[in-house]
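Asks:
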Amino acid sequence: MPRPFVHLHLHSQYSLLDGAIKIDPLFERAKALNMPAVGLTDHGNLFGAIEFYEAARRAGVKPILGCEVYVASGSRFDREKRERDESGFDAINHLLLLAQNETGYRNLIHLVSKGYLEGFYYKPRIDLDLLRAHSEGLIATSGCLSSMTSRAIAGNQLDTAWQLTSDFAEIFRDRYYLEIQRHGIDLQDRVNAELVKMAADLRLPLLATNDAHYLEACDHEHHDALLCIGTATNLDDPKRFRFDGQGFLREDGDEMAEVFRDHPSALASSLEIAERCNLELGIDTGRYQMPEFQVPAGTTRETCCPGRPGPACASGSGSRPTSRFRPRFPSTPRAWSTSSAWSRRWASRATS
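Positions 683 to 1034 (the working numbering) are the ones given, in order, by the sequence shown.
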């Protein structure tokens, strides 16, 4: 049986045109690999959160809900020119967030919603101001090569990278991890080396992750075609965006231990984070999550709507429905007789 390890950076099919992991096969694999918990971190959305949570419960695996959010370089309200590299890959910054509890999950919902409602510009983006206001109950990691910190390191802007790390560590006090990945990419090794220095000097924990986008090695070609669709290229294009490294599938604990044998603490952090995340949605306990309906002042829902909706509840303000809410099709006898006449006429034509 492989040693326990928790994947906390994982993209399901709900990472649209990017992830290729289906929910049910994911948990079949997780149980077979002795994984006590699994995280879901789709790009910019929580579309698969409930399906993931329920499937995890059925499989007896602890669900960890998160999101790899998109972060604007400045304000989410700015509409800066879209940056893309020559492969067509969108160069918006990434940040990994994981919900520890209900407060964190609510904050995560708020952040993702604001990304769509206020920061959407090609992608649903948030900014540092939102993170400062809604960081409670969330664990953050420095992210992949597309994160703000990694891009600063890759661009030899080391002062900026260190400042960003300090800023995130301030926002997520005792809840910020420096994420290292190894997929056989030279740039990744250079970024990891700087992150290890930061971890030592700033006393921040390392976290080993695998940027999982598909389950099995045989899924690589299918995933490559999926990326082509997402970036409007084709498999014959040598400059297309692609995953050139290895290990973008889910590896078991023994494989991860071999890859990160020089950083055992980074491996242990995956189990530590899994223990810190204890979100209970109450879906399987019969606790309903219903919206709070506002009734007119001085009334209650029971007195306002005793058994069936009345005029006072028609619009939530005590007013009667306006004409624009009247039925489109009148139910008068004349209307029905007219309708019947048309029906008889068409029936006679069909039989003639």
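We treat Cβ as the ideally placed atom computed from N, Cα and C, and that holds for glycine.
Whose C-beta lies closer than 6 Å to the C-beta of residue 837 among residues of the same chain, with five residues either side of it excluded?
Replies: Counting from one through the sequence shown, the residue named residue 837 turns up at place 155. Contacts found: none.
Asks: Assign residue 814 to one of two classes, buried (16 or more other C-beta atoms within 10 Å of its C-beta) or exposed (fewer than that).
Replies: As a working note, residue 814 is residue 132 in the sequence shown. Its Cβ having fewer than 16 others within 10 Å, residue 814 is exposed.
Asks: Assuming residue 792 and residue 825 form a contact by the criterion Cβ under 8 Å, report the distance between their Cβ atoms to the nearest whole angstrom.
Replies: Here the question's residue 792 lines up with position 110 in the sequence shown. Here the question's residue 825 lines up with position 143 in the sequence shown. Residue 792 to residue 825, Cβ: 20 Å. No contact.
Asks: Taking 7 Å as the threshold (C-beta atoms), are residue 854 and residue 829 in contact?
Replies: Mapped onto the sequence shown, residue 829 falls at position 147. Mapped onto the sequence shown, residue 854 falls at position 172. For residue 829 and residue 854, no; Cβs fall outside 7 Å.
Asks: Closest to residue 1035 by CA distance: which of 698, 810, 811 is it?
Replies: Outside the displayed span of the chain (683 to 1034) sits residue 1035, for which this structure offers no information.
Asks: Can you tell which of 965, 786, 805, 958 has the C-alpha that lies nearest to the C-alpha of residue 820?
Replies: Within the sequence shown, the letter at position 138 stands for residue 820. Comparing Cα positions, the closest option is 786.
Asks: Going by DSSP in three states, residue 638 sits in which element: helix, strand or coil?
Replies: The first residue shown for the chain is 683 and the last is 1034, placing residue 638 beyond what the model contains.
Asks: With which residues is residue 749 paired in a DSSP beta bridge?
Replies: Walking along the sequence shown from the start, residue 749 turns up at place 67. For residue 749, which the question treats as bridged, DSSP gives the partners 724, 779.
Asks: Closest to residue 834 by C-alpha separation, out of 808, 798, 874, 859, would be which residue?
Replies: For this step, residue 834 is matched to residue 152 along the sequence shown. Among 808, 798, 874, 859, the Cα nearest to that of residue 834 belongs to 874.
Asks: Taking the alpha helix (DSSP H) that residue 804 belongs to, which residues open and close that run?
Replies: Counting from 1 along the sequence shown, the entry for residue 804 is found at position 122. No alpha helix (DSSP H) contains residue 804, which DSSP labels as neither H nor E.
Asks: What residues in its chain sit with their C-beta under 7 Å from that of residue 938, if we drop five residues either side in the sequence?
Replies: Looking up residue 938 in the sequence shown gives position 256. Excluding sequence neighbours, residue 938 sits near 687, 890, 892, 949.
Asks: Nearest to residue 897 by alpha carbon, out of 685, 715, 735?
Replies: Position 215 of the sequence shown, counted from the first residue, corresponds to residue 897. Looking at the Cα atoms, 715 is the closest of the given residues.
Asks: Look up residue 689 in the DSSP assignment and give the residues it is bridged to.
Replies: Counting from 1 along the sequence shown, the entry for residue 689 is found at position 7. Beta-bridge pairing links residue 689 to 720.
Asks: Give every residue of the same chain whose Cβ lies closer than 6 Å to the Cβ of residue 935, excluding the five residues on either side of it in the sequence, and list them in chain order.
Replies: Residue numbering aside, residue 935 sits at position 253 when the sequence shown is read from its first letter. Around residue 935: 684, 685, 686, 687.
Asks: Flag this pair as yes or no: are the beta carbons of residue 983 and residue 782 separated by less than 7 Å?
Replies: Translated into the one-based positions of the sequence shown, residue 983 becomes position 301. Translated into the one-based positions of the sequence shown, residue 782 becomes position 100. It is not a contact, given that the beta carbons lie outside the stated cut-off.
Asks: Between the alpha carbons of residue 906 and residue 975, how many angstroms are there, rounded?
Replies: The residue you call residue 906 lines up with position 224 of the sequence shown. The residue you call residue 975 lines up with position 293 of the sequence shown. Cα to Cα, residue 906 sits roughly 47 Å from residue 975.
Asks: Between residue 750 and the rest of its own chain, which residues show a CB-CB distance below 6 Å, the 5 nearest in sequence each way excluded?
Replies: Residue numbering aside, residue 750 sits at position 68 when the sequence shown is read from its first letter. Excluding sequence positions up to five before and after residue 750, its CB lies within less than 6 Å of the CB of 723, 725, 776, 778, all in the same chain and listed in chain order.
Asks: Between the beta-carbon of residue 887 and the beta-carbon of residue 832, is there less than 7 Å?
Replies: Residue mapping note: residue 887 aligns to position 205 of the sequence shown, counting from 1. Residue mapping note: residue 832 aligns to position 150 of the sequence shown, counting from 1. Result no, Cβ atoms of residue 887 and residue 832 do not sit closer than 7 Å.
Asks: Locate the alpha helix (DSSP H) running through residue 1036, then write down its first and last residues.
Replies: Beyond the ends of the chain as shown, which are 683 and 1034, falls residue 1036; an answer cannot be given.
Asks: Who are the Cβ neighbours of residue 713 in its own chain at under 8 Å, not counting the five residues just before and after it?
Replies: One-based indexing of the sequence shown puts residue 713 at position 31. Taking C-beta separations shorter than 8 Å and ignoring five residues to either side along the sequence, the partners of residue 713 in its chain run 741, 742, 743, following chain order.
Asks: Taking Cβ positions, are residue 862 and residue 877 nearer each other than 7 Å?
Replies: Indexing the sequence shown from 1 puts residue 862 at position 180. Indexing the sequence shown from 1 puts residue 877 at position 195. Contact flag set, yes.
Asks: Could you pull the start and end residues of the beta strand (DSSP E) that residue 859 belongs to?
Replies: On the sequence shown, position 177 is the one that residue 859 refers to. Taken as a continuous stretch (DSSP letters only), the beta strand (DSSP E) holding residue 859 covers 858–862.
Asks: By DSSP's criteria, residue 894 is part of a beta bridge. Which residues make up the other side?
Replies: In the sequence shown, the residue the question calls residue 894 occupies position 212. Answer is 692.
Asks: Using DSSP with H/G/I as helix, E/B as strand and the rest coil, what is residue 774?
Replies: Translated into the one-based positions of the sequence shown, residue 774 becomes position 92. In the structure shown, residue 774 sits in coil (DSSP, three-state: anything other than H, G, I, E or B).
Asks: Got a sec? Which residues, its chain only, sit under 7 Å from residue 735 by beta carbon, not counting five neighbours each side?
Replies: On the sequence shown, position 53 is the one that residue 735 refers to. Contacts found: 745, 747, 963, 965.
Asks: Roughly how many angstroms separate the alpha carbons of residue 719 and residue 881, rounded to a whole number?
Replies: To locate residue 719, count along the sequence shown from 1; it is residue 37. To locate residue 881, count along the sequence shown from 1; it is residue 199. Taking the straight line from one Cα to the other gives about 25 Å.
Asks: If we call anything under 7 Å between Cβ atoms a contact, is residue 693 one with residue 895?
Replies: By 1-based counting over the sequence shown, the position of residue 693 is 11. By 1-based counting over the sequence shown, the position of residue 895 is 213. Result yes, Cβ atoms of residue 693 and residue 895 sit closer than 7 Å.
Asks: What is the DSSP secondary structure of residue 815, counted as helix, strand or coil?
Replies: Sequence index remark: in the sequence shown, residue 815 carries index 133 (1-based). It is helical.
Asks: Identify, in the order they occur along the chain, each residue of the same chain with its Cβ nearer than 6 Å to the Cβ of residue 823, setting aside the five sequence neighbours on each side.
Replies: Here residue 823 refers to the residue found at position 141 when the sequence shown is read from its first residue. Listed in chain order, the non-local C-beta contacts of residue 823 below 6 Å within the same chain comprise 778, 859, 861, 889, local neighbours out to five positions each way being set aside.
Asks: Between the alpha carbons of residue 944 and residue 973, how many angstroms are there, rounded?
Replies: Along the sequence shown, one-based indexing puts residue 944 at 262. Along the sequence shown, one-based indexing puts residue 973 at 291. Using only the alpha carbons, I get a separation of about 50 Å.
Asks: For residue 821, which beta-bridge partners are listed by DSSP?
Replies: Position 139 of the sequence shown, counted from the first residue, corresponds to residue 821. Bridge partners of residue 821: 780.
Asks: So, for residue 731: in the same chain, excluding its five sequence neighbours on each side, which residues have a beta-carbon less than 8 Å away from its beta-carbon?
Replies: The residue you call residue 731 lines up with position 49 of the sequence shown. Cβ neighbours of residue 731 beyond the five flanking positions: 722, 747.
Asks: Just the C-alpha distance for residue 999 and residue 986, rounded to the nearest angstrom, thanks.
Replies: Here residue 999 refers to the residue found at position 317 of the sequence shown. Here residue 986 refers to the residue found at position 304 of the sequence shown. Only weak support exists for where residue 999 lies, its pLDDT of 48 falling under 50; the value from the coordinates is given anyway. Going from the Cα of residue 999 to the Cα of residue 986 covers about 11 Å.
Asks: Measuring CA to CA, which of 879, 919, 908, 758 is closest to residue 702?
Replies: Looking up residue 702 in the sequence shown gives position 20. For the residues 879, 919, 908, 758, the minimum Cα distance to residue 702 belongs to 908.
Asks: Starting from residue 965, trace the alpha helix (DSSP H) in both directions and tell me its first and last residue.
Replies: Looking up residue 965 in the sequence shown gives position 283. That residue, residue 965, is in no alpha helix (DSSP H); it is neither H nor E in DSSP.
Asks: Which class does residue 810 belong to by DSSP, given the choice of helix, strand or coil?
Replies: By 1-based counting over the sequence shown, the position of residue 810 is 128. Note: residue 810 maps to helix in three-state DSSP.
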